[in-house]
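For reference, the structure is listed below as structure tokens.
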Amino acid sequence: VSQPQSVVPYIHFHDVWQLRQLAGYPLLLPDDEPIVDDAEIEAAEAAVSPADEERELLFLRSLDPKEWKNQDHYAVLGIKTMRWQATDRDIKTAYRRMVLKHHPDKRKARGEVVADESTDYFTCITRAWETLGSRDRRRAYDSVDPQFDNTVPTASDVTRGGADFFAVFGPAFAANSRWSRRQPVPQLGTSSDSRETVEDFYSFWYDFDSWREFSYLDEEDKEKGENREERRWIERQNREARQRRRRDETRRLRGLVDAARDCDPRLARFKEEEARAKQKAKQAKAEAAEQRRRAAEAAEAEAAAARRAAEEAAEAAARAEAERQRRDREAVKKALKEARKAFRALAKSADFFLTAGDADSVRVARMEAVGLLADGLEAGELMQLRDRLAGATDGAAGPLLEAAVTELRERRRAETEAAAVQQKERKQAAAADSGGAGESQWNYGQLCALVKAVKLFPAGTGARWEKVAEYVNAHWEAAAATSAPMQQPQQPVVEVDAKSALRKAKELAKNSSDDALRAEANRQAAGRVAAEAAKATTAAAAAATADSDISQRDPACVPTPWSAEEQRLLEAALRKFPASDPDRWDRVASAVGSRTKRDCMVRYKELVRMIQAKKAAAAK
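Sequential numbering of the sequence shown, starting at 3, is according to my numbering.
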């Protein structure tokens, strides 16, 4: 008889757990692992009907332990309907129920024959527990749950048959909410949701953080590698496959969100409301702009009316002032005319205040003095002088008349000197402002040379204005001799530089001063002809005798020559104020500034005589 052998009985973890519980040992379970008692197991067993038990047994017997990875672990443990929503306690309770009912020892105790435990279907139950009992393995299996619908609705699903948007996309978002790391997950909602709620929903789903991973679908187990390099190669292949499936999952969720956003009626409503709001704001802005425009037009019209009223009032006041001034001038002219008439009548009736034995030259001088005083004194002064002459004795009237003439000449001399000083100051100020060769420092010869040089050196010539300045400095004397045979007093000559030549040329082009030069040349030619005619006239000599007598008595009566500036101002004033203007000569004298009204009239008559003499000479 052989010696009895020691038998090692098959003890499952559940039995060990019960033995340790009976012996009082600690259970050595994780802190968060649920503890399931027998009452829960019995309740779970009672919830299964006999028909369900029959179908469950047929299903378990149909399993192939070699294909355990492809089996439905939730169905194996009898919680097919709960699936990913099953808690750890539900899974453990289901597994203990299966162990008590389908463990080989339990079946053998019930008289069932178990041929080979290694190929028995209980191995599939053990694999299901190993997968679902571990959180990491369960997450990997849940990520590829064969019962999960990965299809994504499209816009055509909504339009087809008039399906409701929320009925099509709502379940899809609810099903995919299980993959989010952040809980709770906002759902699609209803058509009455606010804009903020809808925008928060799409913002969450566009930034969806999924915990879904695909390690369960690894084709190779790295532990099967024979060496480290082979295991690394298997791990690399598995990692690439997981990343590819992860990208596909991201695209799938993004497609779901994009499809929902494209046909979301709430977004369409928000867009229409926004468009209406923009249109309303635009219309309100346009209306406000129209109101502002109308208000501005009204204000402008009111301001224009006020300006017109003010202008009309100013024009009326100006007209009234002009009329008053005209009446005053007419009164002054009338008074002056009457005073001159009375003065001349008194002088004529008194035989020019001559005494017995006075020569004819004295008569001529007295007649000239009467004319000079009549033209030079104002109405009040004439009347006062007339009254003094009328009340004077026969011998005292003559000296009184000569004293009045002397006083008038002194006054005119003082005025002429003051005008010359003012003109000199103006020329000096202009020269200081212009710098270099100023306006007053350009003589007639330099201007003629400048005109020729500008034509000689056209635009585009290199160093043009330096050459023009050199030409002016070298040829101004010859140009003056050619262009002005009758020399007039020349200003001090200042050497011309390029800047002053350019500035003067621009001034000539702007003011058309070349025309003034030609007019000046014509004037000089006319003067030359008039001088020649004067030499041949003998009648002028007799008249000059009387003038020389007066000049000998007082050199101030010799007329002051007209300068080029005064001549230019006179010509401009003659062109500006027509002959039809009754106050023409007063205005001309005011424009010239340094000359009286009589001087301007005399100068004008001289110019007319010179032009007529020129025409007569040309005709001969």
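Ideal placement from N, C-alpha and C gives every residue a C-beta, glycine not left out.
Put simply, of 239, 124 and 98 the residue whose alpha carbon is nearest the alpha carbon of residue 110 is 124. Take the alpha-carbon of residue 476 and the one of residue 427: they are about 30 Å apart. A check of alpha carbon separations from residue 176 across 165, 193, 151 and 156 identifies 151 as the nearest. Below 8 Å, enough C-beta pairs join the segment 198-218 and the segment 137-157 to call them touching: three or more. Annotation: residue 239 to residue 148 spans about 23 Å, alpha carbon to alpha carbon. Assignment of residue 212 by DSSP, reduced to helix, strand and coil, places it in the strand class. Listed in chain order, the non-local C-beta contacts of residue 165 below 7 Å within the same chain comprise 159, local neighbours out to five positions each way being set aside. DSSP, reduced to helix, strand and coil, places residue 145 within a helical segment of the structure shown. Looking only at 258, 219, 464 and 399, the smallest Cα-Cα distance to residue 241 is reached by 219. Per DSSP, residue 194 has no beta-bridge partner at all. Taking 8 Å as the cut-off, the beta carbon of residue 425 is found no closer than this to the beta carbon of residue 582. When the five nearest sequence neighbours on each side are left out, the beta carbons in the same chain lying within less than 6 Å of the beta carbon of residue 133 are those of 75, 139 and 143, in order along the chain.
Around the CB of residue 230, fewer than 16 other CB atoms lie within 10 Å, so the residue is classed as exposed. Sixteen is the threshold: since fewer than 16 other Cβ atoms of the shown chains lie within 10 Å of the Cβ of residue 52, the residue is exposed.
Setting aside the 5 residues that flank it on each side, residue 378 is surrounded in the same chain by 410, each with a C-beta closer than 6 Å to its C-beta; the list follows chain order. Under the three-pair Cβ rule at 8 Å, the segment 240-258 does not count as touching the segment 289-303. Unbroken alpha helix (DSSP H) stretches of 4 residues or longer found wholly inside the segment 89-155: 90-104, 106-111, 124-134 and 137-145, given in chain order. Rounded to whole angstroms, the gap between the alpha carbons of residue 497 and residue 577 is 34 Å.
Three or more beta-carbon pairs separated by less than 8 Å are not found between the segment 340-348 and the segment 310-319, which leaves the two stretches without contact. For residue 145, the closest C-alpha among the options 127, 157, 154 and 181 is that of 181. Under the DSSP assignment, residue 588 falls in the alpha helix (DSSP H) whose first and last residues are 586-594. Ranked by how close their Cα comes to the Cα of residue 454, the residues 178, 470, 420 and 291 have 470 in first place. With a minimum length of 4 residues, the unbroken runs of alpha helix (DSSP H) contained wholly in the segment 313-396 fall at 362-378 and 381-393. Assignment of residue 182 by DSSP, reduced to helix, strand and coil, places it in the strand class. Fewer than three Cβ pairs drawn from the segment 90-97 and the segment 112-120 lie within less than 8 Å of each other, which leaves the two stretches out of contact. Rounded to whole angstroms, the separation of the alpha carbons of residue 600 and residue 368 is 20 Å. Residue 399 and residue 450 have their C-alpha atoms some 56 Å from each other.
Below 8 Å, too few C-beta pairs join the segment 416-424 and the segment 373-389 to call them touching: fewer than three.
By the criterion of a C-beta distance shorter than 6 Å, residue 355 is surrounded in its chain by 399, 400 and 403, once the five residues flanking it on both sides are discounted.
With respect to the C-alpha of residue 350, the residue from 388, 329 and 332 having the closest C-alpha is 388. Shown here, residue 252 sits in a helix according to DSSP, grouped into three states.
If you compare the alpha carbons of 190, 606 and 278 with that of residue 206, the shortest gap goes to 190.
The C-beta distance from residue 102 to residue 43 rounds to 7 Å, short enough to meet the 8 Å contact threshold. Straight-line spacing of the CA atoms in residue 98 and residue 185 works out to 31 Å.
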